[in-house]
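Q:
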Ligand SMILES: CC(C)(COP(=O)(O)OP(=O)(O)OC[C@H]1O[C@@H](n2cnc3c(N)ncnc32)[C@H](O)[C@@H]1OP(=O)(O)O)[C@@H](O)C(=O)NCCC(=O)NCCS
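Numbering (our numbering), first residue to last: 1149 to 1597.
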């Protein structure tokens, strides 16, 4: 029993390690819609957020309260009024919103104060800080419709929020803002979360919503043939948004997407739309490569770049399993440290997923491409090709005419990409002296055009 446990738990836990390291010290703005709380999910969401925070992530939590406000309105015999996709907040609606926000804050603070033994909250200490961090202005009158106490964000107290986060607290924001005259305005959760994420230049903006994400074809329901698009480059998201009708309710594809696009365009690296209905969706999106919802990403940030000394650990972690199984020849660690400038790497979400090194032999006008590796988690998505192209570019920039590789198992991959097999004798002299004749590696050359 314990052996099985070790076989599954230990590799699984280790596989999460790169994400834990990457996200430590980062800032996430997490917006939880009021429907999630109405559906009784608060306790589980709080447990997941407490766990994420314990792994060093700074969290600003913004809660929504649409159903709770509507419930209060209904109890007072009123119905909600909307226009232009926004609530019209009259005096009664403002009272209801204040009551709902007060109630929700208590519930959220209570959820983060749990600590019963044998629950995921045992031993956790989450200090929640709320405050007047948002300055608001009125929406005003649009097309003759007076939105009264509905507002928009005018300013975010960035230093104030950062100070609270720096103290190790979680910042909790309700969709309220105050004008310099002390008037309260009802805002939307989406607007507050997007503005705060932008003001803080957060690393992630996450909407935990009633929708599962953005379907590949948003006009059709999500199905096996029309799955959730897990990664939407910013340009594609903008194009999609331009073709959609203006959103009026959360189930409209444009509803959350427009905020993700706005945040991404304003410098928030990644925005996510996740379903609250899926238990643990926050953990799955943050600590598993494929994720579960839709992530809008500024693809310029998906980087293919030259390595620096900070990347040595990541490179070793990536190539080690292939050295162990004999696919790659074992390299001395000090050699990698010394030659790290020869490496190019591919990063997804700050984690190194691919690498390759270029070792020039200028006297023979050629170079070896060594240690080409793509993590098994992302093989088959073209990263190998991208690294090869980058190494070719680097070789050309140095005035070299060809590159070569030594391989025992990957010959066909290289042949498909323009390499041709030659005898080991054709290696540059300096390389030939180091050739391991017992390993019987095949030598493949590619002329650079
Ligand atoms: C070889 C390697 C770098 C390719 O990376 P990748 O990101 O998966 O490559 P791409 O996505 O650009 O290409 C994937 C294609 O290569 C094929 N492929 C993967 N490994 C292969 C191999 N050993 N032999 C032949 N083809 C291979 C895949 O089947 C896929 O083919 P398809 O596009 O027809 O489906 C990766 O498989 C790897 O890291 N392997 C282990 C280390 C290694 O062998 N390195 C070379 C040392 S010299």
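Even for Gly, the Cβ is constructed at its ideal location relative to N, Cα and C.
#1: Candidates 1513, 1572, 1517, 1519: which alpha carbon is nearest residue 1547's?
#2: Which residues in the same chain as residue 1485 place their Cβ atom closer than 6 Å to its Cβ, once the five residues preceding and following it in sequence are excluded?
#3: Mapping the DSSP letters down to three states, classify residue 1149 as helix, strand or coil.
#4: Do you know offhand how far residue 1494's Cα is from residue 1392's?
#5: Taking the CB atoms as reference points, tell me whether residue 1384 and residue 1409 lie closer together than 8 Å.
#6: Verify the contact flag: residue 1470, CB atom, against every heavy atom of ligand 1, threshold strictly below 7 Å.
#7: Going by alpha carbons, who is nearest to residue 1344 out of 1197, 1311, 1303?
#8: Excluding the 5 residues flanking residue 1404 on each side, which residues of the same chain have their C-beta closer than 8 Å to its C-beta?
#9: Based on Cα-Cα distance, which residue from 1211, 1202, 1376, 1172 lies nearest to residue 1189?
#10: Round the Cβ separation of residue 1417 and residue 1438 to the nearest angstrom and send it over; I've been treating them as touching at under 8 Å.
#11: Please confirm whether any heavy atom of ligand 1 lies closer than 7 Å to the CB of residue 1560.
#12: So the candidates are 1430, 1504, 1473, 1267; which of them puts its Cα closest to the Cα of residue 1522?
#13: Cutting at 7 Å between CB atoms, please list the residues of its own chain near residue 1379, excluding the five before and the five after it.
#14: Could you give the uninterrupted runs of the beta strand (DSSP E) lying entirely in the segment 1337–1413, keeping only those of 3 residues or more?
#15: Examine ligand 1 and report whether any of its heavy atoms sits within less than 7 Å of the Cβ of residue 1458.
#16: What does a CB cutoff of less than 6 Å around residue 1342 pick up in its chain, not counting 5 residues either side in sequence?
#17: Leaving out five residues on either side along the sequence, give the residues of the same chain with a beta carbon under 7 Å from the beta carbon of residue 1589.
#18: For the candidate residues 1194, 1430, 1466, 1372, whose alpha-carbon lies nearest to that of residue 1166?
#19: Do we get a CB-CB distance below 8 Å when we pair residue 1159 with the residues of chain B?
#20: Rounded to whole angstroms, what is the Cα-Cα separation between residue 1375 and residue 1580?
#21: Name the DSSP beta bridge partners of residue 1263, please?
#22: Comparing alpha-carbon positions, which option in 1435, 1214, 1161, 1301 lies nearest residue 1180?
#23: Between 1194, 1363, 1226, which has its C-alpha nearest residue 1440's C-alpha?
#24: Taking C-alpha atoms, which residue in 1361, 1268, 1177 lies nearest to residue 1402?
#25: Use the C-beta contact count for residue 1170: other C-beta atoms within 10 angstroms, 16 or more gives buried, fewer gives exposed.
#26: Rounded to the nearest angstrom, what separates residue 1582 and residue 1382 at their Cα positions?
#27: Out of curiosity, what's the CA-to-CA distance linking residue 1531 and residue 1543?
#28: For residue 1490, which three-state DSSP category applies?
#29: Would the beta-carbon of residue 1522 be found less than 7 Å away from any heavy atom of ligand 1?
#30: Does the Cβ of residue 1528 have 16 or more other Cβ atoms within 10 Å, making it buried, or fewer, making it exposed?
#31: Would you identify the three-state DSSP class for residue 1594, choosing helix, strand or coil?
A: The structure says:
#1: 1513
#2: 1460
#3: Its pLDDT being 46, under 50, residue 1149 is placed unreliably by the model, and nothing is read from it.
#4: 33 Å
#5: no
#6: yes
#7: 1303
#8: 1338, 1355, 1357, 1359, 1398, 1421
#9: 1211
#10: At roughly 18 Å, the Cβ-Cβ gap does not stay under 8 Å, so residue 1417 and residue 1438 are not in contact.
#11: yes
#12: 1504
#13: 1443, 1445
#14: 1352–1357, 1379–1381
#15: no
#16: 1407, 1410, 1411
#17: 1554, 1555, 1556
#18: 1466
#19: Absent from the structure is chain B; it holds one protein chain and no more.
#20: 51 Å
#21: BP columns for residue 1263 are empty, so no partner.
#22: 1214
#23: 1363
#24: 1361
#25: buried
#26: 47 Å
#27: 18 Å
#28: helix
#29: yes
#30: exposed
#31: strand
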